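Residue numbers (the working numbering): 1018 to 1475. Single-structure report; data block below.
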């Protein structure tokens, strides 16, 4: 739920203040409530798995109704329930132990579940619960929020690529005039990059472990030496939709989280690249922006329509990436068998993804305001006849004319070339007539190679 206006004004983070409504989709996942709910789910599922193991005679299988009651405890966990966990934590000073005590508190009066109290959190270290909880949270955020938003952006860009596939545009390599392209082809380049990185994000494995205090099943074997605990652990972790991590210290090494963060960071980087390019094209007049009634572009210059959405997106993607870089560099490192530095860092995952989500929102909003300006595009092309030098010297090379590159360099480099001087040069060449006429008919706007075809195929 979005913050009320007065609370928003006092929020330390803009995610809970100015931008609160834009990250509502992530709030149930990455909030303290979301973490507690995930922990309860893991604890409940672990208890159910233990009850289904025949070798654990002291914990008989639960009835269907009892299992449903257990799962409902996790599925229907309320904010009030989470608040009770926080109340318990004030005594325990341990957040995971507080979750264990809440579950025991809720089960103690149940005739069937009550006798199972001491198998809640059985043989677990807190990190067994935490790593699986964060893995579930990341999977949910990735599948339910991030990938759908990325797909929305890709579809918007693809539609723009197709719509402007044939609209010629002057390229600018090193900021200088270069071989023309089309607006659609430049957008298609971004679509291809985002598709690739989206596939990487979607395909990244999310590992999980449940193997005790130092990863060796010490307590498990002490209690039930005849159970194949590694196989049991694998079945449990994969039943949660996660990839089993067989070798760990006390903590799951977080390489999987780092991979997800790196994948999202690359997506954000592509988006920053797009924001900066579109910002520049707006400045050149290649795109116009729709004017919103009542909106102010500048507090002092009434004429301005600023590219604020692209600037907002770039800034938020940048904040997200600063955090993602830290996560990927820090989380896979832990002193000896465990230190606690990952605990506080993991709590900031939602902040990074929140800023990325705001970036997507701003970028989509900005793209929705754009319209191409064919007149301005054509004017720039018509003032850049020197770009045909590449085509002319390449045809000269084909037919063995002497020093084609050097001739065109002498004609064009640092000099003003117009339609007349370019065509005069072409007419003077000893080329087959068909090739000469093809070059004479060429304009900067028609010299786009396969750009239109490539844009339409994305």
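Ideal Cβ placement from N, Cα and C applies to all residues, glycine included. Because the structure is a prediction, the values reported are computed rather than measured.
The Cβ atoms of residue 1393 and residue 1297 lie no closer than 8 Å to each other. For residue 1226, the secondary structure class from DSSP, reduced to helix, strand or coil, is coil.
DSSP places residue 1189 in the uninterrupted beta strand (DSSP E) bounded by 1185–1190. Judged by their CB atoms, residue 1273 and residue 1222 are nearer to each other than the 8 Å cut-off. Taken through DSSP and simplified to helix, strand or coil, residue 1354 comes out as coil.
For residue 1389, the three-state secondary structure derived from DSSP is strand.
Residue environment for residue 1293: exposed (fewer than 16 other C-beta atoms within 10 angstroms of its C-beta).
Taking one beta carbon from each stretch, the region 1109–1122 and the region 1221–1236 have fewer than 3 pairs nearer than 8 Å; the two do not touch. For the pair residue 1279 and residue 1461, the Cα-to-Cα distance works out to about 40 Å.
Excluding the 5 residues flanking it on each side, residue 1060 has same chain C-beta neighbours closer than 7 Å at 1116, 1117, 1120, 1137, 1138, 1146, in chain order. About 20 Å separates the Cβ atoms of residue 1425 and residue 1451, ruling out a contact at the 8 Å cut-off.
If you ignore the 5 residues before and after residue 1422, its C-beta comes within less than 6 Å of the C-beta of 1410, all in its own chain and listed in chain order. The region 1143–1162 and the region 1177–1188 do not touch, with fewer than three beta-carbon pairs separated by less than 8 Å.
Of the candidates 1362, 1265, 1154, 1464, 1265 places its Cα closest to the Cα of residue 1142. When 1050, 1107, 1131, 1104 are compared, the shortest CA-CA separation from residue 1091 is found for 1050. Put simply, of 1024, 1134, 1165 the residue whose alpha carbon is nearest the alpha carbon of residue 1063 is 1134. The beta carbon of residue 1268 sits closer than 6 Å to the beta carbons of 1144, 1351, 1355 from its chain, once the five residues preceding and following it are set aside; these are given in chain order. One thing to note: residue 1261 has its Cβ within 8 Å of the Cβ of residue 1254. Per DSSP, reduced to three states, the secondary structure at residue 1397 is helical. The three-state secondary structure of residue 1260, taken from DSSP, is strand. If you draw a 10 Å sphere on the C-beta of residue 1445, you find fewer than 16 other C-beta atoms in it, and that means exposed. The Cβ-Cβ distance between residue 1208 and residue 1475 falls below 8 Å.
Taking a C-beta distance under 8 Å as the contact criterion, residue 1344 and residue 1362 qualify as a contact pair.
Residue pairing from DSSP leaves residue 1341 without any beta-bridge partner. At least 8 Å separates the beta-carbon of residue 1226 from that of residue 1153. In this structure, the straight-line span from the alpha carbon of residue 1085 to that of residue 1067 is close to 16 Å. Taking a contact to require three or more Cβ pairs closer than 8 Å, the region 1072–1088 and the region 1025–1035 do not qualify as touching.
In the structure shown, the three-state DSSP call for residue 1445 is coil. By the CB criterion at 8 Å, residue 1456 and residue 1408 fall inside the cutoff. In this structure, residue 1306 and residue 1387 form a Cβ contact; the two beta carbons are roughly 6 Å apart against a cut-off of 8 Å. DSSP places residue 1451 in the uninterrupted alpha helix (DSSP H) bounded by 1450–1458.
Counting C-beta atoms within 10 angstroms of its own C-beta, residue 1329 has 16 or more neighbours from the protein chains shown and is therefore classed as buried. Beta bridge pairing from DSSP links residue 1195 with 1188. In this structure, the CA atom of residue 1074 is about 15 Å from the CA atom of residue 1129.
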